[in-house]
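So the sequence shown is numbered by our numbering: it starts at 13 and just counts up by one. Built from N, CA and C at the ideal position, the CB exists for glycine as well. Here the structure is a predicted model, which is why all the values come from computation and not from measurement. What follows is one structure encoded as structure tokens, with my remarks underneath.
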Amino acid sequence: MKDLPLKGLRIVAVEQYGAGPYGSMHLADLGAEVIKIESPPGGDVSRSTGPYFLGEGDSLFFQTFNLNKRSLRLDLKAAEGREVFEKLIATADAVLNNLRGDQPAKLGLDYATLSKINPKIVCAHLSAYGRDNERAAWPGYDYLMQAEAGFMALTGEPDAPPARFGLSMVDFMTGTTMSMALLAGVVGAMRTGIGRDVDVSLFDVALHQLSYPATWYLNNGHRTERLERSAHPSTVPCQVYKTADGWIMVMCMLEKFWQTFITGIGSPEWAGEARFADFAARRQSRLELTPLVDAALSTRTTAQWMEVFAGKIPVAPILDIASALDNPYVERVGMVQTIDHPQGPQRVLCNPVKLDGQRLTGAACPPLNADAHELLEELGYAEADIVRLLGALA
Numbered sequence: 013m014k015d016l017p018l019k020g021l022r023i024v025a026v027e028q029y030g031a032g033p034y035g036s037m038h039l040a041d042l043g044a045e046v047i048k049i050e051s052p053p054g055g056d057v058s059r060s061t062g063p064y065f066l067g068e069g070d071s072l073f074f075q076t077f078n079l080n081k082r083s084l085r086l087d088l089k090a091a092e093g094r095e096v097f098e099k100l101i102a103t104a105d106a107v108l109n110n111l112r113g114d115q116p117a118k119l120g121l122d123y124a125t126l127s128k129i130n131p132k133i134v135c136a137h138l139s140a141y142g143r144d145n146e147r148a149a150w151p152g153y154d155y156l157m158q159a160e161a162g163f164m165a166l167t168g169e170p171d172a173p174p175a176r177f178g179l180s181m182v183d184f185m186t187g188t189t190m191s192m193a194l195l196a197g198v199v200g201a202m203r204t205g206i207g208r209d210v211d212v213s214l215f216d217v218a219l220h221q222l223s224y225p226a227t228w229y230l231n232n233g234h235r236t237e238r239l240e241r242s243a244h245p246s247t248v249p250c251q252v253y254k255t256a257d258g259w260i261m262v263m264c265m266l267e268k269f270w271q272t273f274i275t276g277i278g279s280p281e282w283a284g285e286a287r288f289a290d291f292a293a294r295r296q297s298r299l300e301l302t303p304l305v306d307a308a309l310s311t312r313t314t315a316q317w318m319e320v321f322a323g324k325i326p327v328a329p330i331l332d333i334a335s336a337l338d339n340p341y342v343e344r345v346g347m348v349q350t351i352d353h354p355q356g357p358q359r360v361l362c363n364p365v366k367l368d369g370q371r372l373t374g375a376a377c378p379p380l381n382a383d384a385h386e387l388l389e390e391l392g393y394a395e396a397d398i399v400r401l402l403g404a405l406a
């Protein structure tokens, strides 16, 4: 494989838990040197996040978000820790954090402070609500954003309580957005020699993900609401239907898919019925159509219908996590990898990006502070000073 595209890029990451580490792991996977700054005594809190641990100070949760990184324990409020941090900044292209919005300025992680050391530095800030408004000091998490940005009101069945996504997608989208914005800042700094602050927040990203329902409301006052069976608000049929042994997702997003679908289920005569004539008619007849499709699909199993429709119309089985990961297709496309770890081989998901047709590879994040000696040596400290600092930074 060619050199990874971000080889030579040094990023200092003051991060922990989910959103920030998820975003910086994308950068590390693509070849950036990501130096993970971890606070004493125990480092990133996710090292102790259970229930599945990999010895002391490590866990499967932690490794999920921290592949391909280096670890350095620093107390940024202590003189020795700040000294090392500033030497690192002088050699870095970017520094990122996922702290509360009022913390970067207090800890000197913003461009106003760090540009005095390195004018090209890009300072990326991932916070709950941003750094420039009345909520800057508020703590915040993914689930809160799903609640306030309207996600929970759109998730689940209409007659059920509001529900969150099964995964922390706001965290992951915000981390991904942060990594994109950071790289944009670095490209600009390469061109101009001047870095900048880059801000993303969980709330802003969550709100932005409202996408077309937001545009519909802002321009036409339309309030998108939950529909039964995870149905699409404008396209029918596009929802979950019953089969003989479970459920299947059918998405007839084009008229040709509808024609193929009704032929496949043995109801080609529906093409001539006015109530099903086009998207608008089917949208008006959604409640009539659903039990008819259920009855047709309930004559065979999900696997049998997949054989009928796979590759012909957009269709997918409804799988649980185990079935999703054990799906032979996952193995064929190479989305699971095995990484070496002191506790033994660990299976983890691959980065979804391919370079030149090849999957990116992962390496386990090392134990807390494992890279301290080497990094201090790289920064020009003499051995005696390294021994002194290692003791002071412990």
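Euclidean distance between Cα positions of D338 and T61: Looking at the two C-alpha atoms, the distance is approximately 25 Å.
Spell out the partners DSSP gives S83 in its beta bridges. K48
Hey, quick one: how far does the alpha helix (DSSP H) through S213 stretch, first residue to last? Careful: S213 lies outside any alpha helix (DSSP H), inside the beta strand (DSSP E) at R208 to S213.
So V210 packs on H137, CB below 8 Å; how close in whole Å? That belief holds up - the Cβ atoms of V210 and H137 are roughly 7 Å apart, short of 8 Å.
Cα-Cα separation, M202 to I133: 10 Å
Would you mind stating whether S36 and V46 have Cβ atoms separated by less than 8 Å? For S36 and V46, yes; Cβs fall inside 8 Å.
Any contact between the region 243-260 and the region 174-192? By contact I mean 3 or more CB pairs, one from each, below 8 Å. no
Using three-state DSSP, classify N109 as helix, strand or coil. strand
Length at least 4, wholly inside the region 165-242: the alpha helix (DSSP H) runs in chain order: 181-204, 214-220 and 223-232
Is it true that the CB of L405 sits closer than 8 Å to the CB of G55? In this structure, L405 does not lie closer than 8 Å to G55 by Cβ.
With respect to the alpha helix (DSSP H) encompassing I274, which residues constitute its N-terminal and C-terminal limits? E267 to G276
Report the rounded CA-to-CA distance for I351 versus L79, giving the unit in angstroms. Approximately 9 Å between the Cα atoms of the pair.
Kindly list the residues whose CB is nearer than 7 Å to the CB of T255, restricted to its own chain and excluding five residues on each side of it in sequence; keep chain order. L309, S310, R312, T313, T314 and W317
For the candidate residues L39, P329 and I333, whose alpha-carbon lies nearest to that of V365? L39
By the DSSP assignment, the alpha helix (DSSP H) with T302 in it spans what residues? Start and end: R298 to L309.
List the endpoints of the continuous beta strand (DSSP E) containing A404. Not the beta strand (DSSP E): A404 falls in the alpha helix (DSSP H), residues E395 to L405.
For R147 and A193, what's the separation of their Cα atoms in angstroms? 22 Å
Quick check on H244: does DSSP put it in helix, strand or coil? coil
Contact check, L361 vs V348 under 8 Å by CB: the rounded distance? 6 Å
Residues that I260 bridges to, as DSSP identifies them: Y253 and P329
Would you kindly check if the distance between the Cβ of W282 and the Cβ of F291 is under 8 Å? no
Member of N381, A376 and E395 whose CA lies at the smallest distance from the CA of L72: A376
What does the Cβ neighbour count give for I274, buried or exposed, with the cut at 16 atoms within 10 Å? It is buried - the Cβ of I274 has at least 16 other Cβ atoms within 10 Å.
Looking at the secondary structure, which residues open and close the beta strand (DSSP E) in which G349 lies? Inspection of the sequence shows that residue 349 is occupied by Gln rather than by Gly. It spans V348 to I351 - the beta strand (DSSP E) in which Q349 sits, taken as one unbroken run.
Would you tell me roughly how many angstroms separate the C-alpha atoms of Q355 and D70, rounded to the nearest one? 10 Å
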